[in-house]
Amino acid sequence: MAALLEIRGLNVVFDGFRAVTDLDFSVHSGELRFLIGPNGAGKTTLIDVITGLTRPASGSVSFDGRSLIGMREHRIVRLGIGRTFQTSVVFEKLTVVENLDLAATFRKPITSLLTRRRGLLPAVAAALETIDLVDLADQPAGILSHGQRQWLEIGMLIVQQPRLLLLDEPVAGMSRAERERTGELLQAVAKDHTVIVIEHDMDFLRRFANKVTVLHEGRLLREGTVAEVQADPKVQEVYLGRAKEPVEAVPGGASPGGAVPGGASPGEAVPGGAVPGGAESGTPAEPMASSGKGGL
Ligand code: ADP
Ligand code: MG
Numbered sequence: 000m001a002a003l004l005e006i007r008g009l010n011v012v013f014d015g016f017r018a019v020t021d022l023d024f025s026v027h028s029g030e031l032r033f034l035i036g037p038n039g040a041g042k043t044t045l046i047d048v049i050t051g052l053t054r055p056a057s058g059s060v061s062f063d064g065r066s067l068i069g070m071r072e073h074r075i076v077r078l079g080i081g082r083t084f085q086t087s088v089v090f091e092k093l094t095v096v097e098n099l100d101l102a103a104t105f106r107k108p109i110t111s112l113l114t115r116r117r118g119l120l121p122a123v124a125a126a127l128e129t130i131d132l133v134d135l136a137d138q139p140a141g142i143l144s145h146g147q148r149q150w151l152e153i154g155m156l157i158v159q160q161p162r163l164l165l166l167d168e169p170v171a172g173m174s175r176a177e178r179e180r181t182g183e184l185l186q187a188v189a190k191d192h193t194v195i196v197i198e199h200d201m202d203f204l205r206r207f208a209n210k211v212t213v214l215h216e217g218r219l220l221r222e223g224t225v226a227e228v229q230a231d232p233k234v235q236e237v238y239l240g241r242a243k244e245p246v247e248a249v250p251g252g253a254s255p256g257g258a259v260p261g262g263a264s265p266g267e268a269v270p271g272g273a274v275p276g277g278a279e280s281g282t283p284a285e286p287m288a289s290s291g292k293g294g295l
């Protein structure tokens, strides 16, 4: 079966800096794929290329057999590719359900807006259930916890019924309970969508990931199951020596005023691995959340 997303020989260069080098990457329909790698590995850049935000220097990117190269962002969205950003995009003054409603309708023709019934669109009602925010449906999004806000963003994607969802560090900064819930949510969403999730936290991966792709310095380092990836000496080397590094970011204290969890800024700490009790000492590939490569 042909892959839903097929990337070959991808190179992305920013002012002479190679952010992605000779990357081959493909994802089949129905997969829940995890994408990991130290800060600066090129994960967000890869998503930016798929969604048309960044133009590659060379290489091919095709979705369901169509080339995405040179295609405008809104057309790529219309083909059925949705993404979240590392920064939040919910409207804080609107209620949860209004945010979902807006996401469900804002690309629809004006006629469908005019003929809108009162009450919930079926897609909105279903999304509310999936993201577990039924009880908060009429509350302003501004009161949501960081985790709930991430779920709302995922809900705002799924109401648009994309075929491929690209989620950039959805669990960064979440509490342990929120992570757990998010893992379940991702598995539910993956039942009828293809999903690519960027995540650092190995504990989370072990619980919820099947196939993992590891990027390092813009290259594909390894692809396989969580166990295979963790056992790989190259992967261990990338993360080795950082196990004892203090992780400064505090999970749960994320995003005051829209700070970017896990952003690519040099030296920035990634909250992903700072789960209390989440790190098992003695596993070399454990500290996947280290930010030591941030200055790349
Ligand atoms: P990741 O998401 O894996 O942490 P990114 O894809 O954000 O990494 O970044 C990969 C590398 O490319 C980093 O070194 C980053 O600084 C650089 N980079 C990303 N976007 C830009 C840009 N617009 N201009 C210049 N450099 C960039
Ligand atoms: Mg990133």
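First residue of the sequence shown? That's 0 in numbering that gives the first Met the number 0, and the numbers climb one at a time after it. Glycine is no exception: its CB is placed at the ideal position from the N, C-alpha and C atoms.
Should Lys92 go down as buried or exposed, given a rule of 16 or more other Cβ atoms within 10 Å for buried?
Residue mapping note: residue 92 aligns to position 93 of the sequence shown, counting from 1. So Lys92 counts as exposed.
For Ile195 and Thr44, what's the separation of their Cα atoms in angstroms?
Within the sequence shown, residue 195 is the residue found at index 196, counting from 1. Within the sequence shown, residue 44 is the residue found at index 45, counting from 1. Whole-angstrom Cα-Cα distance: 14 angstroms.
Within a Cβ cutoff of 7 angstroms, which residues of the same chain sit near Ala189, ignoring the five residues on either side of it in sequence?
As a working mapping, residue 189 is identified with position 190 in the sequence shown. So the qualifying residues of the chain are Leu31.
Using a threshold of 8 angstroms, state whether the C-beta atoms of Ile46 and Ser25 are closer than that.
Position 47 of the sequence shown holds residue 46. Position 26 of the sequence shown holds residue 25. No, Cβ-Cβ distance for Ile46 and Ser25 is not below 8 angstroms.
Could you please give me the residues that DSSP links to Lys210 through a beta bridge?
Sequence index remark: in the sequence shown, residue 210 carries index 211 (1-based). Per DSSP, Arg32 and Thr224.
Going straight from the alpha carbon of Phe139 to that of Arg17, what length do you get?
As a first step, residue 139 is located in the sequence shown; it is residue number 140 there, counting from the start. As a first step, residue 17 is located in the sequence shown; it is residue number 18 there, counting from the start. Per the sequence shown, residue 139 should be read as Pro rather than Phe. Spanning the two alpha carbons is a distance of roughly 42 angstroms.
Within this structure, are the beta carbons of Glu72 and Leu52 separated by less than 8 angstroms?
Position 73 of the sequence shown, counting from 1, holds the residue named residue 72. Position 53 of the sequence shown, counting from 1, holds the residue named residue 52. Going by C-beta atoms, Glu72 is nearer than 8 angstroms to Leu52.
Just curious, the alpha helix (DSSP H) that Arg175 is in, first and last residue?
Stepping through the sequence shown from its first residue, residue 175 is reached at position 176. Per DSSP, Arg175 belongs to the alpha helix (DSSP H) from Arg175 to Val188.
I think Asp134 touches Thr94, with their Cβ atoms under 8 angstroms apart; what is that distance to the nearest whole Å?
Walking along the sequence shown from the start, residue 134 turns up at place 135. Walking along the sequence shown from the start, residue 94 turns up at place 95. Not quite, the Cβ-Cβ distance comes to about 12 angstroms (not below 8 angstroms), so this is no contact.
Per DSSP, what are the beta-bridge partners of Gly118 in this structure?
To locate residue 118, count along the sequence shown from 1; it is residue 119. Answer is none; Gly118 lacks a bridge partner.
Drop a sphere of 10 angstroms on the beta-carbon of Ala56, count the other beta-carbons inside from all chains shown, and report buried for 16 or more, exposed for fewer.
Here residue 56 corresponds to residue number 57 of the sequence shown, with the count starting at 1. Classification for Ala56: exposed.
For Asp198, write down the residues that DSSP places opposite it in a beta bridge.
Within the sequence shown, numbered from 1, the residue matching residue 198 stands at position 199. Sequence check: residue 198 is Glu here, not Asp. DSSP output for Glu198 lists no bridge partner at all.
Alpha-carbon spacing of Val60 relative to Ala1, whole angstroms
To locate residue 60, count along the sequence shown from 1; it is residue 61. To locate residue 1, count along the sequence shown from 1; it is residue 2. Their Cα atoms are separated by approximately 13 angstroms.
Kindly examine the ligand ADP and report whether one of its heavy atoms sits closer than 7 angstroms to the Cβ of Ala38.
Taking the first residue of the sequence shown as 1, we reach residue 38 at position 39. Reading off the sequence, residue 38 comes out as Asn, not Ala. For the ligand ADP, at least one heavy atom lies less than 7 angstroms from the Cβ of Asn38.
Counting Cβ pairs closer than 8 angstroms, one from the region 35 to 44 and one from the region 207 to 218, do we hit at least three?
yes
Buried or exposed by the 16-neighbour rule on C-beta atoms within 10 Å, applied to Thr224:
Residue mapping note: residue 224 aligns to position 225 of the sequence shown, counting from 1. Exposed.
Would you give the residue range spanned by the alpha helix (DSSP H) that Gly339 belongs to?
Missing from the structure shown is residue 339; the chain here goes from 0 to 295 and no further.
Following the continuous alpha helix (DSSP H) through Asn38, name the residue where it begins and the one where it ends.
Locating residue 38 in the sequence shown gives position 39, where the first residue counts as 1. Neither: Asn38 is in no alpha helix (DSSP H) and is coded neither H nor E.
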